[in-house]
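Here's the structure, in structure tokens; my notes come after.
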Amino acid sequence: MPLPEYLITIDYVSEGEVANLIRGFIEIQGKKVRFSGVAYGRFGGQNFSPQFTPSAKKSLSALSGDFEKLEEDIQMRLVRGEFDAKPGKDEKHHHHHLGEEQEHK
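Sequence positions in the sequence shown follow this note's numbering and run 27 to 131.
Dropping the structure here:
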């Protein structure tokens, strides 16, 4: 069974040396479900480990029909940069694909 359409939005990214803490949400079937996670990948390739609360997992299971499949798809989309980046009200917009070099000022 295919996954329903969904969008990923990142609304917070920390500026870590090796890893970045990330927060955002999934929009699926008219609902927003929050997640957090760690993005890393300067050595040996990119990776992202999304974390969902037990209630978020339950919601996503009900909305998608297969939480494990959805979680894997979310992880792959995040690694490929398939998400929207929206800064918080006091942050500047910055969108950085994992594994890309950043210009340090």
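Virtual Cβ for every residue (Gly too), placed ideally from N, Cα, C. The model shown is predicted, which means the values in this text are computed figures rather than measured ones.
For residue 99, the uninterrupted alpha helix (DSSP H) segment begins and ends at 93 to 106.
Residue 57: member of the beta strand (DSSP E) spanning 57 to 66, first to last residue.
Per DSSP, the beta bridge partners of residue 75 are 64. Each of 32, 99 and 101 was checked against the Cα of residue 58, and the nearest Cα belongs to 32. For residue 47, the uninterrupted beta strand (DSSP E) run begins and ends at 45 to 54, by DSSP. Under the three-state reduction of DSSP output, residue 29 falls in the coil class, being neither helix nor strand. C-alpha of residue 75 to C-alpha of residue 50: approximately 13 Å in a straight line.
By alpha-carbon distance to residue 85, the top candidate from 60, 100 and 101 is 60. The beta carbon of residue 77 lies closer than 7 Å to those of 61, 62 and 63 in the same chain, with the five residues before and after it left out.
Going by DSSP, residue 80 is part of the alpha helix (DSSP H) stretching over 80 to 90.
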